[in-house]
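Residue numbers (the numbering used here): 25 to 893. For glycine and all other residues, C-beta sits at the position ideal for the given N, C-alpha and C. The model shown is predicted, which means the values in this text are computed figures rather than measured ones.
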């Protein structure tokens, strides 16, 4: 039996074990130093990790433990949406199982644990690959292996946890490719390629392209050059099988992409996305910051030892020239793909990456390590040409960096010195430290120090959310859930308070906002038409009205408590005076839940006139009016009217020729400027301010009667901001305040409107006459009964009209219709009906059939051949 010391050595001190533990403790040390939860008052949450992914992890737990049907569809995804694509991109990591034991409060701490484990696991898989290749001996293995998990890509993207699993699998996948070529056994390659595709289809696409680039390098090796065509065929056929086995996941994802991301036109050019020369600056430790997150160069830094032994690779006469050329070509293509538009688009699936450029650059780091490891010789010493090259290159990059330091934000003098001394010290070690027992620890120490400093300098450029800031919003969202559970009917919650667009995942309720890379273009268009903020990847239901709240089943409004509303805070999402007098049905610390009595259920009987609802792009309030009147069977009714307002005071502002379509232009741009408008409501009806997409609110505040109005910026279409209600005869003062330096603002679609609330109430009351009674439901299936009439024979829903919904009336399948280019409806005949609405993601069933048949045929083939594969 092994002694305790032997177990300890095997677990922590072998070269392969150190490949895991070295990056583990390096990253843990840094996070402890930064005081991140559970080690301090900060969190690891930043950018998308805090604003998007955390909520997905909460949804993962909810789906696994409480509602498995949410794997297919969720009403927490905006008004509702396909979830298979969301899972295939965000949630297929096995590491997410750790989140099953996390609470809302402890979730940031568990995210830190998972981050450290993923980075350390990448070190282990790289170490495993290098060990199997037998290119390195002893403790040189972890020195090379840790360059992968601590490369610049992993450090800069440690917040993008969803991408890391595929990168972790890459070394194992490449080992299995070597194994296939060497032995002809395809099973490891098949299962690892399948796992690669399942963990994240997007990064798997990039890995697939890399495998194609890598194959010539592998086949041109002296040990692999025989039976090239036979080995190539095994590679192709096995790859095809893996793709077919994963069809159940990627087929519905492709369908979802076709309804969203791929609908956006892409401008192909032969130009460059950035200056290729600036890629050299990314070899400087810490050359990353918030601006580089948005648009910058590829993160491909590894430690100096890798670049020195790359020279050994190309100068090694034991390696075939053809193989060197194949490696050089693959590297050149990868580097070019970080800057040349056609290759940028190819590697990113035909779409420009929004933030986080060159998302595949971990492949560059991996290939650099592979080449250096293959060329490694522990006795290697730089030749005269190598010495000249590295001295000139190191000094040249240092000089270029110093010249660019005033032009770029992501490097400074300290980082430049780390680069210079890092390369010089490794250079001197290779020249003068020839004793093997000394060279190994010196090179190991310099490598660890260089990578540690890069991690610290890089992550120090990024701001993180404090525990208090996270809890401020997360506690409110999670505290609301118990109050909502008392209502067993279907409902949505409009949010006047919130932490992120995906609060509905964290709070486990149905809301109206969503942030996703797989957002449906139809949902975005519908939101635009009704005056809600929408974009390529987000929906924001912050500009609701009495009409949209009711038609879209927003039975509740989450509002700040009266005392909290008077305090400045960052989690207020909307200004909604039309809810001021609503009944409070639940409350907690800083929040109150108000009930919308006129909210309609998920389905109700309406007029078939709704199928002919006309829409106008620039007039969302008119669209709301038309939708309601057509649903109520009164297509000619008009209850929307424009109201007058006047400019009464200007401060440092030229007088505009008009209000709607006018131009606000400061006299002195170095000072604040403001325009004051007044209006007096002639009724107690709600008043709304139309704001066109060209009215840029950055650097601008809207203040009503001395109170700053909450309005999200960044939209490119018209929205309607609720100003007042129940203010008949009371003069209102609206100020537009422009900060210093704001040149001008165009008052696009800037106009005041009001709904006749009595007419709205009557129309909604008419629609409430024949509501569907829900008898059974989950996230993808709704059953109930409804009675329709001759005048109201259309079963209208607040469900987004996506492909995949099927309707059965009294057991018979009925074709669905779309109302207002966005909502699902079902024609019926007058009478009482049993209704079943079911959602199945498009091509999900087909994918299951393809994957199932492939698996069965594969098993049958193995049984027939009676041999292992």
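_Beta-carbon spacing of residue 234, residue 354 below 9 Å_ = Translated into the one-based positions of the chain shown, residue 234 becomes position 210. Translated into the one-based positions of the chain shown, residue 354 becomes position 330. Yes, these two residues count as a Cβ contact at 9 Å.
*Can you tell me where the alpha helix (DSSP H) with residue 372 in it begins and where it stops?*
As a first step, residue 372 must be located in the chain shown, where it is residue number 348. No alpha helix (DSSP H) holds residue 372; DSSP gives it neither H nor E.
*Roughly how many whole angstroms lie between the Cα atoms of residue 152 and residue 46?*
As a position in the chain shown, residue 152 is number 128, starting the count at 1. As a position in the chain shown, residue 46 is number 22, starting the count at 1. Roughly 14 Å separates the two Cα atoms.
_According to DSSP, residues forming a beta bridge with residue 829_ = Counting from 1 along the chain shown, the entry for residue 829 is found at position 805. 863, per the DSSP bridge assignment.
_Alpha carbons only, please: which of 582, 518, 558, 588 is nearest the one belonging to residue 569?_
By one-based count along the chain shown, residue 569 stands at place 545. Measuring from the Cα of residue 569, the nearest candidate turns out to be 518.
*State the beta-bridge partners of residue 777 as determined by DSSP.*
Residue numbering aside, residue 777 sits at position 753 when the chain shown is read from its first letter. Answer is 666, 712.
*asked:* Is the separation between the beta-carbon of residue 701 and that of residue 626 shorter than 9 Å?
replied: Numbered from its first residue, the chain shown carries residue 701 at position 677. Numbered from its first residue, the chain shown carries residue 626 at position 602. Going by C-beta atoms, residue 701 is not nearer than 9 Å to residue 626.
_Sheet register partners of residue 736 (DSSP bridge)_ = In the chain shown, counting from the first residue as 1, residue 736 sits at position 712. Its beta-bridge partners do not exist; DSSP assigns none.
*Report the three-state DSSP secondary structure of residue 539 (helix, strand or coil).*
Translated into positions along the chain shown, residue 539 becomes position 515. In the displayed model, residue 539 falls within a strand according to three-state DSSP.
*Name the one or two DSSP bridge partners that residue 797 has.*
Mapped onto the chain shown, residue 797 falls at position 773. DSSP lists 809 as the beta-bridge partner residues of residue 797.
_Closest to residue 816 by C-alpha separation, out of 856, 530, 326, 81, would be which residue?_
Position 792 of the chain shown, counting from 1, holds the residue named residue 816. Selected option, being the one with the closest Cα: 856.
_Considering just the uninterrupted stretch of the beta strand (DSSP E) at residue 746, what are its terminal residues?_
Indexing the chain shown from 1 puts residue 746 at position 722. Here the beta strand (DSSP E) through residue 746 covers 743-748.
*Hey, would you say residue 771 sits closer than 9 Å to residue 719, going by beta carbons?*
Taking the first residue of the chain shown as 1, we reach residue 771 at position 747. Taking the first residue of the chain shown as 1, we reach residue 719 at position 695. Here residue 771 is near residue 719, since their CB atoms are less than 9 Å apart.
*Skipping 5 residues on each side, what residues in its chain have a beta carbon closer than 6 Å to that of residue 555?*
Start at 1 with the first residue of the chain shown, and residue 555 comes out as number 531. Around residue 555, the same chain offers 567, 644, 743, 744 as residues with beta carbons nearer than 6 Å, after the five sequence neighbours per side are excluded.
*Look up residue 500 in the DSSP assignment and say whether it is helix, strand or coil.*
Reading the chain shown from its first residue, position 476 is the one you call residue 500. Helix, per DSSP.
*Could you name the residues of the same chain whose beta carbon sits closer than 7 Å to that of residue 405, not counting the 5 residues immediately before and after it, in chain order?*
Residue 405 sits at position 381 when you count from the first residue of the chain shown. Spatial neighbours of residue 405 in its own chain (CB-CB distance under 7 Å, excluding positions within 5 residues in sequence) are listed in chain order as 454, 455.
*State the Cα-Cα distance for the pair residue 130 and residue 491, rounded to the nearest angstrom.*
Your numbering for residue 130 matches position 106 in the chain shown. Your numbering for residue 491 matches position 467 in the chain shown. Residue 130 and residue 491 have their alpha carbons spaced roughly 10 Å apart.
*Identity of the residue in 870, 889, 161 nearest residue 269 by Cα*: Taking the first residue of the chain shown as position 1, residue 269 is located at position 245. It is 870.
*Cα-Cα separation, residue 527 to residue 452*: Residue mapping note: residue 527 aligns to position 503 of the chain shown, counting from 1. Residue mapping note: residue 452 aligns to position 428 of the chain shown, counting from 1. Roughly 55 Å separates the two Cα atoms.
_Coil, strand or helix - residue 110 by DSSP_ = If you number the chain shown from 1, residue 110 lands on position 86. Residue 110 falls in the helix class under three-state DSSP.
*asked:* Please report the straight-line C-alpha distance between residue 205 and residue 232, rounded to a whole angstrom.
replied: Position 181 of the chain shown, counting from 1, holds the residue named residue 205. Position 208 of the chain shown, counting from 1, holds the residue named residue 232. Residue 205 and residue 232: Cα-Cα distance of roughly 17 Å.
*Taking all protein chains shown into account, decide if residue 275 is buried (16 or more other Cβ within 10 angstroms of its Cβ) or exposed.*
As a working note, residue 275 is residue 251 in the chain shown. Looking at its Cβ environment, which holds 16 or more other Cβ atoms inside 10 Å, residue 275 is buried.
*Excluding the five sequence neighbours on either side, which residues of its own chain have a C-beta within less than 8 Å of the C-beta of residue 435, listed in chain order?*
Taking the chain shown and counting its residues from 1, the one referred to as residue 435 is at position 411. Here residue 435 has 305, 308, 310, 311, 425, 428, 429 as same chain residues with Cβ atoms under 8 Å from its own Cβ, once five neighbours each way along the sequence are excluded.
*When you compare each of 297, 544, 579 to residue 563 by their alpha carbons, which one comes out closest?*
The count along the chain shown starts at 1 and reaches residue 563 at position 539. Comparing alpha-carbon positions, the option among 297, 544, 579 lying closest to residue 563 turns out to be 544.
*Hey, residue 749 and residue 602 are a contact pair by Cβ (cut 8 Å); roughly how many whole angstroms apart?*
Here residue 749 refers to the residue found at position 725 when the chain shown is read from its first residue. Here residue 602 refers to the residue found at position 578 when the chain shown is read from its first residue. Between residue 749 and residue 602 the beta-carbon gap is near 5 Å, inside 8 Å, which marks them as a contact.
_Proximity of residue 168 and residue 329 at Cβ, strictly below 9 Å_ = Residue numbering aside, residue 168 sits at position 144 when the chain shown is read from its first letter. Residue numbering aside, residue 329 sits at position 305 when the chain shown is read from its first letter. At the C-beta level, residue 168 and residue 329 come within 9 Å of one another.
*asked:* Ignoring anything shorter than 4 residues, give me the alpha helix (DSSP H) runs that lie fully in the segment 329-411, in order along the chain.
replied: Here the runs fully enclosed are 345-360, 365-371, 386-398.
_Residue from 461, 448, 459, 486 whose Cα sits closest to the Cα of residue 474_ = Sequence index remark: in the chain shown, residue 474 carries index 450 (1-based). Nearest Cα to residue 474 within the set 461, 448, 459, 486: 448.
*Is residue 650 buried or exposed, if buried means 16 or more other CB atoms sit within 10 Å of its CB?*
For this step, residue 650 is matched to residue 626 along the chain shown. Residue 650 should be labelled buried.
*Is residue 712 closer than 9 Å to residue 740 when the C-beta atoms are compared?*
The count along the chain shown starts at 1 and reaches residue 740 at position 716. The count along the chain shown starts at 1 and reaches residue 712 at position 688. No; because the gap between Cβ atoms is not below 9 Å, this pair is not in contact.
*How would you label residue 253, buried or exposed, when you count the other beta carbons within 10 angstroms and need 16 or more for buried?*
Against the chain shown, residue 253 aligns to sequence position 229. Residue environment analysis places residue 253 among the exposed positions, since fewer than 16 neighbouring C-beta atoms fall within 10 angstroms of its C-beta.
_Bridge partners for residue 629 per DSSP, in chain order?_
Residue mapping note: residue 629 aligns to position 605 of the chain shown, counting from 1. DSSP output for residue 629 lists 819 as bridge partner(s).
*Residue interval of the beta strand (DSSP E) (run including residue 607)*: Here residue 607 refers to the residue found at position 583 of the chain shown. Per DSSP, residue 607 belongs to the beta strand (DSSP E) from 607-612.
*Straight-line gap, residue 183 to residue 315 (C-alpha atoms, nearest Å)*: Numbered from 1 along the chain shown, position 159 holds the residue referred to as residue 183. Numbered from 1 along the chain shown, position 291 holds the residue referred to as residue 315. If I take the Cα positions, the gap works out to 15 Å.
*CA nearest to the CA of residue 10, picked from 882, 887, 886, 889*: Because the chain here runs from 25 to 893, residue 10 falls outside it and cannot be looked at.
*asked:* Rounding to the nearest angstrom, what Cα-Cα distance links residue 313 and residue 133 in this structure?
replied: Within the chain shown, the letter at position 289 stands for residue 313. Within the chain shown, the letter at position 109 stands for residue 133. Each residue's alpha carbon lies about 23 Å from the other.
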